[in-house]
Amino acid sequence: MQILDLNEHPHRRYNPLTDEWVLVSPHRTKRPWVGQMEKAIPDERPEYDPECYLCPGNRRASGARNPDYEGTFVFENDFAALLPKKTSGHQDNRGLLIAHSERGICRVICFSPRHDLTLAEMEQQDVRLVVDTWVEQYRNLGELPFVQYVQIFENKGAVMGCSNPHPHGQIWANESLPNEPRKEEREQKSYMRAHGTCLLCDYLALEQKEGVRIVCSNAHFVALVPFWAVWPFETMLISKRHAASLEMLNEGERDGLADIIRRLTIRYDNLFETSFPYSMGFHQQPTDGNEHSEWHLHAHFYPPLLRSATVKKFMVGYEMLATPQRDITPEEGADRLRRVSEVHYKERFSGA
Ligand code: H2U
Ligand code: ZN
4 MQILDLNEHP HRRYNPLTDE WVLVSPHRTK RPWVGQMEKA IPDERPEYDP
54 ECYLCPGNRR ASGARNPDYE GTFVFENDFA ALLPKKTSGH QDNRGLLIAH
104 SERGICRVIC FSPRHDLTLA EMEQQDVRLV VDTWVEQYRN LGELPFVQYV
154 QIFENKGAVM GCSNPHPHGQ IWANESLPNE PRKEEREQKS YMRAHGTCLL
204 CDYLALEQKE GVRIVCSNAH FVALVPFWAV WPFETMLISK RHAASLEMLN
254 EGERDGLADI IRRLTIRYDN LFETSFPYSM GFHQQPTDGN EHSEWHLHAH
304 FYPPLLRSAT VKKFMVGYEM LATPQRDITP EEGADRLRRV SEVHYKERFS
354 GA
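Counted the way the numbering used here counts, the sequence shown spans residues 4 to 355.
Take a look at the structure:
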């Protein structure tokens with residue numbers, strides 16, 4: 004019998020944050036690709052677009068006019084999925100037909116007044132303003148008595164369902180713990196109970212020792228492709244210090260977060276010389292007023308691109324019905340991301 008070689012043999016890897024498995028098939032990377040091909044769309048935009056509902060001074064769908072903002076701008080989502088109006092009650096029919104009312108607040112954050120930028124192309128100090136806005140929003144929304152969890156996220160690129168290329172993200176704050184943070188809380192709690200230490204502190208120490216899945220790092224954050232990654236170039240940002248939320252970051256750590264986000268998103272754009280699409284978001288402690296020493300702040304980046312600017316990974320077939328699967332190993336994904344430059348390709352082409 005052959006001994007498991009993670010670079011050669013099909014195997015499954017365990018995600019200790021969610022208690023789920025991913026199938027890894029490294030031997031398949033040699034097969035020819037005959038799937039979907041599309042032309043890469045050049046990412047050329049004006050600094051200001053009179054038709055954009057996020058640009059300064061423009062009117063939104065609700066009729067409200069954006070101020071002439073500088074830096075970041077936050078507003079209540081005009082088509083919010085959750086509403087702050089108080090409703091209560093639930094139904095439970097034999098434990099099979101269960102429904103609960105859900106209150107919440109949805110906001111949109113414009114990262115910059117410039118229509119033509121992305122986080123990867125913004126200056127470090129302007130990304131820092133975005134970090135400060137996230138901290139402020141997490142605090143403001145979390146302070147509301149009915150808000151138990153604040154989900155900060157960004158959908159980037161049309162392929163991820165993003166409605167507008169103007170750099171922006173969203174925040175949904177609501178009354179109950181959503182599925183993903185709920186799984187992570189359960190696993191972080193049970194790990195702490197069993198080992199007396201933090202799951203992500205221990206995991207990060209292992210990753211730093213092995214090094215093979217680390218993309219880049221600074222004094223306060225590490226960007227790595229998790230051992231259990233599902234998406235081809237999936238990454239996680241993990242704070243080096245055990246902090247449970249964005250609110251707990253000190254000045255230096257906020258700068259560190261802005262730095263690592265900029266460097267990682269530049270690497271993403273450089274991988275296929277395209278504006279790299281992804282969904283990203285933070286996972287952090289709920290705002291339920293309880294002590295959550297088990298929670299370790301981190302961000303996930305889930306990009307769908309597989310082997311070029313035009314080939315995307317879809318979760319279909321076996322993945323929808325059984326378990327997610329990947330061909331290129333997390334180690335190879337990290338290696339590819341490590342080998343690209345931290346100077347944005349547009350800057351290189353312009354000779355700047
Ligand atoms: P994306 O990040 O997925 O593109 O979503 C942008 C959000 O902006 C979306 O949730 C909101 C939509 O409801 N929006 C407004 O609040 N006002 C508008 O005028 C258009 C879009
Ligand atoms: Zn715009």
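Idealized CB from N, CA, C, for every residue including glycine.
Taking buried to mean at least 16 other C-beta atoms within 10 Å of its own C-beta, is ALA208 buried or exposed? Translated into the one-based positions of the sequence shown, residue 208 becomes position 205. Per the 10 Å Cβ criterion, exposed.
CB of ARG68 to nearest heavy atom of the ligand H2U: below 7 Å? Sequence index remark: in the sequence shown, residue 68 carries index 65 (1-based). No, the beta carbon of ARG68 sits no closer than 7 Å to any heavy atom of the ligand H2U.
Say the cut is 7 Å; is the CB of GLN128 nearer than that to a heavy atom of the ligand H2U? The residue you call residue 128 lines up with position 125 of the sequence shown. Not a single heavy atom of the ligand H2U lies less than 7 Å from the C-beta of GLN128.
Using only the alpha-carbon positions, how far apart do GLN151 and LYS88 sit? Numbered from its first residue, the sequence shown carries residue 151 at position 148. Numbered from its first residue, the sequence shown carries residue 88 at position 85. Taking the straight line from one Cα to the other gives about 16 Å.
Can you tell which of PRO70, ALA197, SER179 has the C-alpha that lies nearest to the C-alpha of PRO148? Taking the first residue of the sequence shown as 1, we reach residue 148 at position 145. Considering only alpha carbons, the answer is SER179.
Quick check on ASN273: buried or exposed, where buried means 16 or more other Cβ atoms within 10 Å of its Cβ? On the sequence shown, position 270 is the one that residue 273 refers to. So ASN273 counts as buried.
Going by DSSP, which residues form a beta bridge with ILE112? Taking the first residue of the sequence shown as position 1, residue 112 is located at position 109. VAL77, GLY172.
Can you give the Cα-Cα distance for ALA247 and VAL130, rounded to whole angstroms? For the purposes of this step, residue 247 is taken as residue 244 along the sequence shown, with counting starting at 1. For the purposes of this step, residue 130 is taken as residue 127 along the sequence shown, with counting starting at 1. Going from the Cα of ALA247 to the Cα of VAL130 covers about 21 Å.
Report the option in PHE230, TYR56, GLY74, THR75 whose CA atom is closest to the CA atom of ALA67. Your numbering for residue 67 matches position 64 in the sequence shown. For ALA67, the closest of PHE230, TYR56, GLY74, THR75 by C-alpha to C-alpha distance is TYR56.
Let me know the secondary structure DSSP gives TYR348 once reduced to three states. Counted from its first residue, the sequence shown places residue 348 at position 345. Assigned with DSSP and collapsed to three states, TYR348 falls in helix.
Do you know how far the Cα of THR277 is from the Cα of TYR348? As a first step, residue 348 must be located in the sequence shown, where it is residue number 345. As a first step, residue 277 must be located in the sequence shown, where it is residue number 274. Roughly 9 Å between the two C-alpha positions.
When you compare each of LEU26, LEU20, ILE6, LEU85 to LEU324 by their alpha carbons, which one comes out closest? Sequence index remark: in the sequence shown, residue 324 carries index 321 (1-based). Ranking the options by Cα distance to LEU324, first place goes to LEU26.
Below 8 Å, how does it come out for the region 215-223 and the region 232-243: are there three or more Cβ pairs, yes or no? yes
Please report the Cβ distance between ILE155 and PHE285, rounded to the nearest whole angstrom; I am assuming they are in contact, meaning their Cβ atoms lie under 8 Å. Here the question's residue 155 lines up with position 152 in the sequence shown. Here the question's residue 285 lines up with position 282 in the sequence shown. That pair is a contact at about 5 Å.
Delimiting residues of the beta strand (DSSP E) encompassing ARG56: Taking the first residue of the sequence shown as position 1, residue 56 is located at position 53. Contrary to the premise, residue 56 reads as Tyr rather than Arg in this sequence. Segment: none, TYR56 is in no beta strand (DSSP E) and carries neither H nor E.
Reduced DSSP category for SER193 - H, G, I as helix; E, B as strand; rest coil: By 1-based counting over the sequence shown, the position of residue 193 is 190. Residue state for SER193 is assigned as helix, using DSSP reduced to three classes.
Say the cut is 7 Å; is the CB of CYS165 nearer than that to a heavy atom of the ligand ZN? As a first step, residue 165 must be located in the sequence shown, where it is residue number 162. Result no, Cβ not under 7 Å from the ligand ZN.
Identity of the residues DSSP links to CYS219 by a beta bridge: Against the sequence shown, residue 219 aligns to sequence position 216. Under DSSP, the beta-bridge partners assigned to CYS219 are ALA226.
Mapping the DSSP letters down to three states, classify PHE285 as helix, strand or coil. Along the sequence shown, read from residue 1 onward, the residue named residue 285 stands at position 282. PHE285 falls in the strand class under three-state DSSP.
Could you give the distance in angstroms between the alpha-carbon of THR200 and the alpha-carbon of TYR194? As a position in the sequence shown, residue 200 is number 197, starting the count at 1. As a position in the sequence shown, residue 194 is number 191, starting the count at 1. Going by the C-alpha atoms only, they are around 7 Å apart.
Going by the beta-carbon positions, is the gap between HIS103 and CYS58 smaller than 8 Å? In the sequence shown, counting from the first residue as 1, residue 103 sits at position 100. In the sequence shown, counting from the first residue as 1, residue 58 sits at position 55. No. Outside cutoff.
Report the residue from THR121, CYS204, ILE174, VAL225 whose alpha carbon sits nearest the alpha carbon of GLU50. By one-based count along the sequence shown, residue 50 stands at place 47. Here the closest residue by C-alpha is THR121.
Sheet register partners of TYR271 (DSSP bridge): One-based indexing of the sequence shown puts residue 271 at position 268. Paired residues: none, contrary to the question.
Distance, Cα to Cα, THR21 vs GLN191? Translated into positions along the sequence shown, residue 21 becomes position 18. Translated into positions along the sequence shown, residue 191 becomes position 188. When rounded, the distance between both Cα atoms is 9 Å.
Say the cut is 7 Å; is the CB of CYS109 nearer than that to a heavy atom of the ligand ZN? As a first step, residue 109 is located in the sequence shown; it is residue number 106 there, counting from the start. Not so, every heavy atom of the ligand ZN lies at least 7 Å from the Cβ.
Leaving aside the five residues before and after GLU256 along the sequence, list all residues of the same chain whose C-beta is less than 6 Å from its C-beta, in chain order. Residue 256 sits at position 253 when you count from the first residue of the sequence shown. Excluding sequence neighbours, GLU256 sits near HIS223.
Please name the residue in ASN69, PRO53, ASP52, GLU54 whose C-alpha comes closest to that of GLY60. Looking up residue 60 in the sequence shown gives position 57. Among ASN69, PRO53, ASP52, GLU54, the Cα nearest to that of GLY60 is on ASN69.
Short of 7 Å in beta carbon distance, which residues of its chain neighbour ASN158, apart from the five on each side in sequence? Order them along the chain. On the sequence shown, position 155 is the one that residue 158 refers to. So the qualifying residues of the chain are GLY164, CYS165, SER282.
Can you give me the start and stop residues for the alpha helix (DSSP H) that THR136 sits inside? If you number the sequence shown from 1, residue 136 lands on position 133. Note, THR136: alpha helix (DSSP H), 127-146.
Is ALA161 near the ligand H2U, with its Cβ less than 7 Å from a heavy atom? Locating residue 161 in the sequence shown gives position 158, counting from the first residue. No, the beta carbon of ALA161 sits no closer than 7 Å to any heavy atom of the ligand H2U.
Apply the 10 Å Cβ neighbour rule to GLN39 and answer buried if 16 or more other Cβ atoms are within range, or exposed otherwise. Against the sequence shown, residue 39 aligns to sequence position 36. A caution first: GLN39 carries a pLDDT of 47, below 50, which makes its placement in the model unreliable, though a value can still be read off. Counting other Cβ atoms within 10 Å of its Cβ, GLN39 stays below 16 and is therefore classed as exposed.
Compute the Euclidean distance between the alpha carbons of TRP175 and GLU11, then round it to the nearest angstrom. On the sequence shown, position 172 is the one that residue 175 refers to. On the sequence shown, position 8 is the one that residue 11 refers to. C-alpha separation (whole angstroms): 42 Å.
Hey, could you find the ends of the beta strand (DSSP E) GLN3 is sitting in? Nothing about residue 3 can be read from this structure; the chain reaches only from 4 to 355.
Taking 5 Å as the limit, tell me which residues put their C-beta closer than that to any heavy atom of the ligand ZN, in chain order. Near the ligand ZN, residues with a Cβ at less than 5 Å from any of the ligand's heavy atoms are ASP52, CYS55, LEU57, CYS58, HIS118, HIS169; the list follows chain order.
Can you give the Cα-Cα distance for ALA83 and PHE76, rounded to whole angstroms? As a working note, residue 83 is residue 80 in the sequence shown. As a working note, residue 76 is residue 73 in the sequence shown. Counting only the Cα atoms, PHE76 lies some 17 Å from ALA83.
Just verifying my parser: in three-state terms, what is the DSSP assignment at HIS198? Translated into positions along the sequence shown, residue 198 becomes position 195. The answer is helix: DSSP assigns HIS198 an H, G or I state.
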